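Contents: one structure, followed by commentary.
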Amino acid sequence: GDSVTQMEGPVTLSEEAFLTINCTYTATGYPSLFWYVQYPGEGLQLLLKATKADDKGSNKGFEATYRKETTSFHLEKGSVQVSDSAVYFCALSKINKFYFGSGTKLNVKP
Amino acid sequence: GAGVSQSPSNKVTEKGKDVELRCDPISGHTALYWYRQSLGQGLEFLIYFQGNSAPDKSGLPSDRFSAERTGGSVSTLTIQRTQQEDSAVYLCASSLGLGGYGANVLTFGAGSRLTVL
Chain A
1 GDSVTQMEGP
11 VTLSEEAFLT
21 INCTYTATGY
31 PSLFWYVQYP
41 GEGLQLLLKA
51 TKADDKGSNK
61 GFEATYRKET
71 TSFHLEKGSV
81 QVSDSAVYFC
91 ALSKINKFYF
101 GSGTKLNVKP
Chain B
1001 GAGVSQSPSN
1011 KVTEKGKDVE
1021 LRCDPISGHT
1031 ALYWYRQSLG
1041 QGLEFLIYFQ
1051 GNSAPDKSGL
1061 PSDRFSAERT
1071 GGSVSTLTIQ
1081 RTQQEDSAVY
1091 LCASSLGLGG
1101 YGANVLTFGA
1111 GSRLTVL
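Residue numbers (our numbering), protein chains in the order written: chain A, 1 to 110; chain B, 1001 to 1117.
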């Protein structure tokens, strides 16, 4: 069945470090892909999305490219800030169904 | 409304009591979802509504859990005879419910934190 796998956390980085959080998916057809972020004590917010192969989603300095050949949607940011500390969820959507990864906690230290 | 509204934001109850959690989705959103997030865990899918119908109830953990949606808007998740393992944050989300392969985007509420003593 359709599913999403993302890297285990927590990920701990120093401020201004480069971030990669890996996400791979299994799905038939043409899913849309998403990254959601959950800041401490808050609900999930959409961070970015991509709807077809080779699309790049971007927001707040974060980027992810929809790679159909490797079934991946890795999240990257060139220089993280303390305020980026949160839990990041990779997700796919297909015909009104959503599948979420288990979440990756990011801790950014000053 | 402007966002997805959930109530109560916090609920503490005693084991064996029934609880109702409410979700008011974004106006015009036909699809509504309930998820459960236990402490430090990912999202567990519970149920999905398209309009007032629930095409997918596969995630409801037991027959103590039920949900309904009326008028294609507000939804209520009911947990009967609560158990301590029901303690979690219950998240509601809504989307336009475009169907097909359109890029539906889920908008989440802030959640209802349930604590069963």
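Virtual Cβ for every residue (Gly too), placed ideally from N, Cα, C.
What you are looking at is a predicted structure, and each value in this text was computed from that prediction instead of being measured.
Inclusion of Gly-1109 (chain B) and Thr-1030 (chain B) in the CB contact set at 7 angstroms is not warranted, their separation being larger than that value. Near chain B, meaning a CB-to-CB distance below 8 angstroms, the residues of the stretch 68 to 89 of chain A are Phe-89.
Rounded to whole angstroms, Asn-1010 (chain B) and Val-1116 (chain B) show a C-alpha spacing of 11 angstroms.
For Ser-83 (chain A), the secondary structure class from DSSP, reduced to helix, strand or coil, is helix. Per DSSP, the continuous beta strand (DSSP E) segment holding Ser-1007 (chain B) begins and ends at 1005 to 1007. One thing to note: Gln-6 (chain A) has its Cβ within 7 angstroms of the Cβ of Gly-101 (chain A). Secondary structure in the stretch 1044 to 1111 of chain B: the beta strand (DSSP E) runs of 3 residues or longer, each lying completely within the stretch, are 1053 to 1056, 1065 to 1069, 1075 to 1079 and 1088 to 1095 in chain order.
Burial check for Leu-1114 (chain B): the Cβ neighbour count within 10 Å reaches 16 or more, so the residue is buried. Under the Cβ criterion of 7 angstroms, Ser-102 (chain A) is counted among the residues facing chain B.
The shortest CA-to-CA distance from Val-82 (chain A) to any of A:Phe-18, A:Gly-1 and A:Tyr-66 is the one to A:Phe-18. Boundaries of the beta strand (DSSP E) around Ala-50 (chain A): 44 to 50. Looking from the CA of Thr-1076 (chain B), the closest CA among B:Ser-1112, B:Ser-1095 and B:Val-1105 belongs to B:Ser-1112.
In this structure, Tyr-1033 (chain B) places its C-beta atom within 7 angstroms of the C-beta atom of Ala-1093 (chain B). Judged by DSSP secondary structure, Arg-1022 (chain B) falls within the beta strand (DSSP E) whose first and last residues are 1019 to 1024. DSSP links Gly-1040 (chain B) through a beta bridge to no other residue. The C-beta of Ala-1110 (chain B) comes closer than 7 angstroms to at least one C-beta of chain A. Inclusion of Ser-85 (chain A) and Asn-107 (chain A) in the CB contact set at 7 angstroms is warranted, their separation being smaller than that value. Closest in C-alpha terms to Leu-48 (chain A), from the list A:Thr-71, A:Val-4 and A:Tyr-88, comes A:Tyr-88.
Interface residue (Cβ-Cβ distance to chain B less than 7 angstroms): Ser-93 (chain A) is classified as such. DSSP places Ala-64 (chain A) in the uninterrupted beta strand (DSSP E) bounded by 62 to 65.
Under the DSSP assignment, Lys-105 (chain A) falls in the beta strand (DSSP E) whose first and last residues are 104 to 109. Gly-9 (chain A) and Phe-73 (chain A) have their alpha carbons spaced roughly 17 angstroms apart. Taking every protein chain shown into account, the CB of Asp-54 (chain A) has fewer than 16 other CB atoms within 10 angstroms, so this residue is exposed.
Distance from the CA of Tyr-25 (chain A) to the CA of Gly-1071 (chain B), rounded to the nearest whole angstrom, comes to 35 angstroms.
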